[in-house]
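*Asks:* What follows is a single structure, and I will ask about it in a moment.
There are 2 protein chains.
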Amino acid sequence: MATATTDPAPPVPDETTARFLKALASGARQQVMVLFAGGSELSVGEVAERLAIGQSTASQQLAQLKDGGLLTSRREAKVVYYRADKERIGAALDRLRAFLDGCC
Amino acid sequence: MATATTDPAPPVPDETTARFLKALASGARQQVMVLFAGGSELSVGEVAERLAIGQSTASQQLAQLKDGGLLTSRREAKVVYYRADKERIGAALDRLRAFLDGCC
DNA sequence: AACTCATATCGTCATTTCGTGAAATCGTGT
DNA sequence: ACACGATTTCACGAAATGACGATATGAGTT
C-alpha cells in the first residue's frame, strides 16, 4: 500500500473540488446562486428571466454549477427545476479547507 | 443606519472573497500553492524553477495569489519571499462559508 | 555613478471563457 | 405520428485570461 492512514492532504485539489472552484469563480454564477437562497427551487426560464439573460445562457450556467456540485436538478414534466445542493456544497467546502490546511 | 446587527448574508460575495475564488480557480495557481505547504517561504525564482515556468509568469501568479489574500510577501535585499497567509486564508474560507450558507 | 541580480511591468499572441441566436433534443398531450 | 413548450446543444464573435520575451524598476555592490 502506498499510504497507511490518512493522507496529509492531496498535492492538488481533486477534480471535483477544482470544478467547484471554477464554477464559483464567476460573478455571473455567484448571482445565480443567490437566487437559490432559502432552498428555493427555480426553473431555467425563471433564472433567465430574473437575471435578464438569455435562456441558453442560463441553462449553461446552471449546468456548470451543477457540474461543480452546487446544484441539483429535477425534471417535472417539461420543466427542469434546479436547487442548491447543501450536502455537496458542504463536502466541497470541507475538501477545500483540507487542501488549504495542507498549504499553511 | 441600514442594518443593525449581523447581516444574514451578503447578496453576492464581497470583492475580497471574489478575488480569493478567482485566484484559486486555476490549476496552475493551485500547483503554486502546494509549494508553500508546511509554511515554506519561497522566492519568485524558486517558484519559477520548481514549476518550470517563466520568471514573469511566476511573478504574475504570485501577485494574483497575494491579491486574493492567499500569500504575503516579504522583501529581503533583492529577493522577495512569498509565504502562505494562514490568517487571511481562514478568514476567506469563513466568508465563503457564510455566503454559501445564505444559498442553501 | 555604473554594474549586477532579482523582481515587476509591458506588449503580444494563443487559449479559454462568456453570452447570444439557431437548431436539435426531450417530455407531453392531441 | 404530429405538434408544442422547455431545455439543451451547437457555432460563432467578443471579451477575459495565461504564458512568454523584452524591458523597466528596485536594492545592493564596487
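Those protein sequences? They're chains A and B, same order as listed. Per UniProt numbering, the first sequence starts with residue 1, numbered consecutively. Per UniProt numbering, the second sequence starts with residue 1, numbered consecutively. Each residue gets a CB set at the ideal place from its N, CA and C atoms; glycine is no exception. Note that this is a predicted model, so its numbers are computed, not measured.
(1) Going along the chain, which residues of its own chain have a beta-carbon closer than 6 Å to the beta-carbon of B/G69, five neighbours each way excluded?
(2) For A/L42, name the three-state secondary structure that DSSP assigns.
(3) So the candidates are A/V32, A/K78, A/A18, A/P13; which of them puts its Cα closest to the Cα of A/A84?
(4) Let me know the secondary structure DSSP gives A/S26 once reduced to three states.
(5) Quick one: what's got a C-beta closer than 8 Å to A/D14's C-beta in the same chain, skipping five residues either side?
(6) Can you tell me the Cα-Cα spacing of A/D67 and A/Q30, whole angstroms?
(7) Within the continuous alpha helix (DSSP H) that includes A/L96, where are the two ends?
(8) Could you list which residues in chain B have their beta carbon closer than 8 Å to that of A/L62, in chain order?
(9) Could you check what DSSP says for A/V32 in three-state terms: helix, strand or coil?
(10) Give, in chain order, every residue of the segment 15 to 34 of chain B whose Cβ lies closer than 7 Å to some Cβ of chain A.
(11) Give a yes or no on whether 8 Å exceeds the smallest Cβ distance from A/L93 to chain B.
(12) Thinking C-alpha only, which one of A/S43, A/A37, A/K22, A/A58 is nearest residue 106 of chain A?
(13) Please classify A/Q61 as buried or exposed, where buried requires at least 16 other C-beta atoms within 10 Å of its C-beta.
(14) With A/L70 as the anchor, note down where its beta strand (DSSP E) starts and where it stops.
(15) What residues of chain A sit near B/V47, judged by a beta carbon separation below 7 Å?
(16) For the candidate residues B/S73, B/K86, B/A58, whose alpha-carbon lies nearest to that of B/A28?
(17) Between A/Q64 and the rest of its own chain, which residues show a CB-CB distance below 6 Å, the 5 nearest in sequence each way excluded?
*Replies:* Concretely, from the data shown:
(1) In the same chain as B/G69, and ignoring 5 residues on each side of it, the C-beta atoms closer than 6 Å to its own belong to F20, R88, A92, in chain order.
(2) DSSP places A/L42 in strand when its eight states are reduced to three.
(3) Relative to A/A84, the option among A/V32, A/K78, A/A18, A/P13 whose CA is nearest is A/V32.
(4) Looking at A/S26 - three-state DSSP - the assignment turns out to be coil, as it is neither helix nor strand.
(5) Leaving aside the five residues that flank A/D14 on each side, the residues in its chain whose CB is nearer than 8 Å to its CB run, in chain order, R95.
(6) Distance between the alpha carbons of A/D67 and A/Q30: 15 Å.
(7) Per DSSP, A/L96 belongs to the alpha helix (DSSP H) from 86 to 101.
(8) Within chain B, not a single residue places a beta-carbon under 8 Å from that of A/L62; the smallest gap is close to 14 Å.
(9) Reduced to three states, the DSSP call for A/V32 is helix.
(10) Within the segment 15 to 34 of chain B, those residues whose Cβ lies closer than 7 Å to any Cβ of chain A are, in chain order, A18, L21, K22, L24, A25, G27, Q30, Q31, M33, V34.
(11) Interface residue, yes.
(12) The first residue shown for chain A is 1 and the last is 104, placing residue 106 of chain A beyond what the model contains.
(13) A/Q61 comes out buried.
(14) That residue, A/L70, is in no beta strand (DSSP E); it is neither H nor E in DSSP.
(15) Taking the beta carbon of B/V47 as reference, no residue of chain A falls within 7 Å; the closest one sits roughly 13 Å away.
(16) Closest by alpha carbon: B/A58.
(17) Setting aside the 5 residues that flank it on each side, A/Q64 is surrounded in the same chain by A23, each with a C-beta closer than 6 Å to its C-beta; the list follows chain order.
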